[in-house]
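Worksheet: one structure, shown below.
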Amino acid sequence: MSSGVESRGKTMDIMYSCHGKKSLALPDNRAITLRRLYSVWNSLRKDTALLEKYNETFEEQKRLNVIEPVDERDMVEGTIHYLPHQAVFTPHKNTTKLRIVSDASAHYKDCPSLNDALHRGPVLLPKMYGLLLRFRIGRVALISDVEKAFLQVRLHEVDRDATRCLWLGDHKKPPRQLYVDNLLVTMDTPEDGLRVYSRTKEIFNELKMNLREFASNDRAVMETIPAADRSTEEDSKVLGIRFNRSEDQFQIAGTMPRQEG
1 MSSGVESRGK
11 TMDIMYSCHG
21 KKSLALPDNR
31 AITLRRLYSV
41 WNSLRKDTAL
51 LEKYNETFEE
61 QKRLNVIEPV
71 DERDMVEGTI
81 HYLPHQAVFT
91 PHKNTTKLRI
101 VSDASAHYKD
111 CPSLNDALHR
121 GPVLLPKMYG
131 LLLRFRIGRV
141 ALISDVEKAF
151 LQVRLHEVDR
161 DATRCLWLGD
171 HKKPPRQLYV
181 DNLLVTMDTP
191 EDGLRVYSRT
201 KEIFNELKMN
211 LREFASNDRA
221 VMETIPAADR
231 STEEDSKVLG
241 IRFNRSEDQF
251 QIAGTMPRQE
261 G
């Protein structure tokens with residue numbers, strides 16, 4: 001364990017211990033995490049104050065460098081693994097009444113979770129009864145609490161991408177780009193379009209959901225997408241509005257009132 005601890009000034013950075021292996025062998029878990037994000041947001045949006053508090057907790061953790069934003073397009077050397085999160089309430093406490101807790105036991109079928117991949121190690125906590133007895137030896141008792149204790153332990157850079165999570169840029173709106181059963185995405189280049197096509201297919205396949213009828217205003221993208229996934233219609237509907245792909249235009253049909261005389 002001591003070989004995975006690195007002192008950096010006033011902080012200690014800890015590496016994961018993974019059953020003697022050099023790195024964590026885990027799937028990315030993104031599909032599960034995205035599905036759980038929808039569930040958490042749908043639950044929180046019923047209570048505006050609670051949703052605001054949840055978002056404030058994320059913002060506070062960013063300010064304190066407990067978490068950091070990442071660009072999913074960046075290449076990383078370590079394992080990329082996403083963890084779902086949820087709210088845990090302790091209203092009886094005077095300190096932290098709401099905590100955001102990551103679910104390290106979440107996993108795909110027949111795949112390990114982060115908890116499964118980590119070496120548990122021996123229990124190093126002292127015996128409870130011994131603590132209580134020693135606490136009563138002296139005449140003066142003093143009790144305190146370490147503020148956000150677990151958040152003060154920093155995870156080493158090599159393992160940080162194994163604890164990614166998803167949250168919203170605008171917490172008042174649902175996760176972007178999916179409207180009930182329609183996926184709407186925009187990119188700047190055909191290469192990005194094909195990358196997003198491949199990635200979204202992968203994510204939804206992991207959820208046992210098939211994305212189909214892909215349509216794009218870019219000919220190169222359409223020609224590269226397999227025929228089984230392509231829409232054969234020249235015009236598509238975007239939230240009920242006709243979209244002419246070849247003309248790259250929205251088209252709205254209407255009737256003009258007939259003028260008398």
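Start counting the sequence shown at 1; every next residue gets the next number (full-length UniProt numbering). Just so it is clear, CB atoms sit at the ideal spot from N, CA and C, and this is done for glycine as well.
| Which parts of the segment 116-165 are runs of the alpha helix (DSSP H), unbroken and 4 residues or longer, counting only runs that do not cross its ends? | 128-135, 157-160
| Taking just the CA atoms, how far does Ser246 sit from Asp235? | 8 angstroms
| message | Only counting the same chain, and skipping five residues up and downstream in sequence, which positions put a Cβ closer than 6 angstroms to that of Tyr179? | response | At Tyr179, the pLDDT of 47 sits below 50, so the modelled position is not reliable; the number obtained from the coordinates is stated separately. Once the five neighbours on either side are set aside, Tyr179 has no close Cβ partner at all.
| query | Hey, would you say Gln251 sits closer than 8 angstroms to Arg242, going by beta carbons? | reply | yes
| Where Ile32 falls: helix, strand or coil (DSSP) | helix
| said: So for Arg195, helix, strand or coil by DSSP? | reply: helix
| field | Element boundaries [beta strand (DSSP E), containing Val238] | value | 235-238
| said: Suppose the cutoff is 8 angstroms on Cβ atoms and the five residues either side in sequence are ignored; what does the same chain contact list for Leu64 look like? | reply: Leu151
| Distance between Ser113 and Ala215 (C-alpha atoms, nearest Å) | 36 angstroms
| task | Please classify Pro84: is it buried, with 16 or more other beta-carbons within 10 angstroms of its beta-carbon, or exposed? | result | buried
| request: Let me know the secondary structure DSSP gives Met12 once reduced to three states. | output: strand
| query | Tyr179 by DSSP, collapsed to three states: which one? | reply | Interpretation of Tyr179 is limited by its pLDDT of 47, a score under 50 that renders its predicted location unreliable; no figure is taken from the coordinates.
| task | Tell whether a beta-carbon distance below 8 angstroms holds between His171 and Leu50. | result | no
| query | Going by the CB atoms, is the gap between Tyr82 and Arg164 shorter than 8 angstroms? | reply | yes
| request: Quick one: residues in its chain with C-beta nearer than 6 angstroms to the C-beta of Val158, no 5 flanking neighbours on either side, listed in chain order? | output: Gly78
| Minimum C-alpha distance to Arg99 - residue among Asn217, Glu60, Leu155, Glu191 | Glu60
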